[in-house]
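This report concerns only the one structure given below.
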Amino acid sequence: GDIIIGHHVVPGYFDQEMSRLNLDKTVMDEIWDENPSFDHYKIRTILSQFMFIGDDIFKEISSLSGGEKARLSLLKLMLSNANFLLMDEPTNHLDIDSKEVLEEALLDYDGTVFVISHDRYFLNRVADKILELTEEGIKEYLGNYDYYLEKKNEVIDEEDEDLGKTKTQIKLERKKEKELLQEERNRKREIAELEKRIAEKELKLEELDQLLCDPEIYETPEKIVEITRNREEIQLSIEDLYNRWIMLTDG
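For the sequence shown, position 173 matches number 264 in this note's numbering, and the numbering has no gaps at all.
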């Protein structure tokens, strides 16, 4: 069949063979050459998130292990403009550390990931939708792999119940279930976004507190007033975010 890619969709592919790595370059140069606007500190920070620390960043790619090459390939993919990642058995041949890095990177990824995998643990961690190919077509399950299995186990009971219902009743019930699942998915997304915003604002609060600990700041009274006002605004914002978070998590 044919696949039509949307106008704003930029696909990217995780290559198990790591053929897009330049083996004669160092780890740092491989990333820096493709992202020249990054400064030295940002490059080191990004590499450390993918477990390239200390002298590791100066290693030639040709000397890296398979897991290290996979991590570097994944980092390159994450730094690209791709917003739709295609992955075919991405955890194959990965060591435990590299697999954890892959999972965390995908959980933080803002785009869409289409992955084929036999790794149940991996699917449980990163997937929020399962597509099953059947003789009737594609069936969609709005959850991870365990959710998919749970729903599959309910199919027989549902089919028995459906025998006494009209097609309209069945259709309405399925529609309602799908709406409830979508609401739950939206709730989880909002909770994650709230937690991210709270962390960012708390970090900003710490930065302002550090400024207030600097004796020199008290030589400029208007600066103190400005910082104090900003701090109060951020504190109020954090309280509002927490209240919303509590409401969603208690629900």
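C-beta: ideal position from N, C-alpha, C; glycine also.
Legend entry - Contact check, S46 vs G97, beta carbons under 8 Å: The displayed coordinates of the chain run from 92 to 342. Any statement about residue 46 would go beyond what the structure contains.
Legend entry - Whether I148 touches L163 by CB criterion (8 Å): The residue labelled residue 148 in the question sits at position 57 within the sequence shown. The residue labelled residue 163 in the question sits at position 72 within the sequence shown. No; because the gap between Cβ atoms is not below 8 Å, this pair is not in contact.
Inset, instruction - Go ahead and pull the three-state DSSP assignment for P181. - result: Your numbering for residue 181 matches position 90 in the sequence shown. The answer is coil: DSSP assigns P181 none of H, G, I, E or B.
Legend entry - Pairwise C-alpha distance: D186 and S156: Within the sequence shown, the letter at position 65 stands for residue 156. Within the sequence shown, the letter at position 95 stands for residue 186. When rounded, the distance between both Cα atoms is 10 Å.
Legend entry - Span of the alpha helix (DSSP H) around K160: Indexing the sequence shown from 1 puts residue 160 at position 69. Run containing K160: 157-170, per the alpha helix (DSSP H) assignment.
Inset, instruction - Name the two residues that bound the continuous beta strand (DSSP E) containing V204. - result: Here residue 204 refers to the residue found at position 113 of the sequence shown. Where V204 is concerned, the enclosing beta strand (DSSP E) stretches over 203-207.
Legend entry - Nearest-angstrom Cα separation, counted from K295 out to E274: To locate residue 274, count along the sequence shown from 1; it is residue 183. To locate residue 295, count along the sequence shown from 1; it is residue 204. Going from the Cα of E274 to the Cα of K295 covers about 31 Å.
Inset, instruction - Report the option in K167, M119, L285 whose CA atom is closest to the CA atom of I329. - result: On the sequence shown, residue 329 is found 238 positions in, with the first residue counted as 1. Checking every option, the nearest Cα to that of I329 belongs to L285.
Inset, instruction - Verify whether the separation of the beta carbon atoms of M169 and V206 is less than 8 Å. - result: Here residue 169 corresponds to residue number 78 of the sequence shown, with the count starting at 1. Here residue 206 corresponds to residue number 115 of the sequence shown, with the count starting at 1. No. Outside cutoff.
Inset, instruction - Could you check the C-alpha separation between I289 and L332 for me, to the nearest Å? - result: If you number the sequence shown from 1, residue 289 lands on position 198. If you number the sequence shown from 1, residue 332 lands on position 241. Using only the alpha carbons, I get a separation of about 7 Å.
Legend entry - Assigned exposure category for E227 - 16 Cβ within 10 Å defines buried: Start at 1 with the first residue of the sequence shown, and residue 227 comes out as number 136. Its Cβ having fewer than 16 others within 10 Å, E227 is exposed.
Legend entry - With 16 other Cβ atoms within 10 Å as the buried cut-off, status of P181: As a position in the sequence shown, residue 181 is number 90, starting the count at 1. Its Cβ being crowded by 16 or more others within 10 Å, P181 is buried.
Legend entry - Validate contact between the region 195-214 and the region 124-132 using beta carbons, cut 8 Å, 3 pairs: no
Legend entry - Continuous alpha helix (DSSP H) assignments of at least 4 residues falling wholly in the region 98-136: 118-123
Inset, instruction - Scan the region 249-313 and note each continuous beta strand (DSSP E) run of 3 residues or more that stays entirely inside, going in chain order. - result: none
Legend entry - Straight-line Cα distance separating E323 from R335: Locating residue 335 in the sequence shown gives position 244, counting from the first residue. Locating residue 323 in the sequence shown gives position 232, counting from the first residue. Rounded to whole angstroms, R335 to E323 spans 19 Å at the Cα level.
Legend entry - Y212 - containing beta strand (DSSP E), residue span: Within the sequence shown, residue 212 is the residue found at index 121, counting from 1. Unbroken run through Y212 is the alpha helix (DSSP H), 211-217; no beta strand (DSSP E).
Inset, instruction - Check whether the Cβ atoms of R276 and L303 lie closer than 8 Å to each other. - result: Start at 1 with the first residue of the sequence shown, and residue 276 comes out as number 185. Start at 1 with the first residue of the sequence shown, and residue 303 comes out as number 212. No, Cβ-Cβ distance for R276 and L303 is not below 8 Å.
Legend entry - Beta-bridge partners of L176, as assigned by DSSP: As a first step, residue 176 is located in the sequence shown; it is residue number 85 there, counting from the start. G103, V204.
Inset, instruction - Count the other C-beta atoms from every protein chain shown that fall within 10 angstroms of the C-beta of I144, then say buried if there are 16 or more, exposed otherwise. - result: Position 53 of the sequence shown, counted from the first residue, corresponds to residue 144. Burial call: exposed.
Inset, instruction - Determine the contact status of L339 and E291, defining contact as a CB-CB distance below 8 Å. - result: Here residue 339 corresponds to residue number 248 of the sequence shown, with the count starting at 1. Here residue 291 corresponds to residue number 200 of the sequence shown, with the count starting at 1. Against a cut-off of 8 Å, the Cβ pair of E291 and L339 comes out as no contact.
Inset, instruction - Within the same chain, show all residues whose beta-carbon is closer than 8 Å to that of I137, passing over the 5 residues directly before and after it, in chain order. - result: For the purposes of this step, residue 137 is taken as the residue at position 46 of the sequence shown. Answer for I137: I122, F129, L166, L170, listed in chain order.
Inset, instruction - Could you pull out every residue in the same chain whose Cβ sits closer than 6 Å to the Cβ of K150, ignoring the five residues on either side in sequence? - result: Along the sequence shown, read from residue 1 onward, the residue named residue 150 stands at position 59. If we look at K150 and ignore the five residues flanking it on each side, its Cβ neighbours are V118.
Legend entry - Per DSSP, the bridge partner or partners of T225: What you label residue 225 is simply residue 134 of the sequence shown in a count that begins at 1. Paired residue(s): G228.
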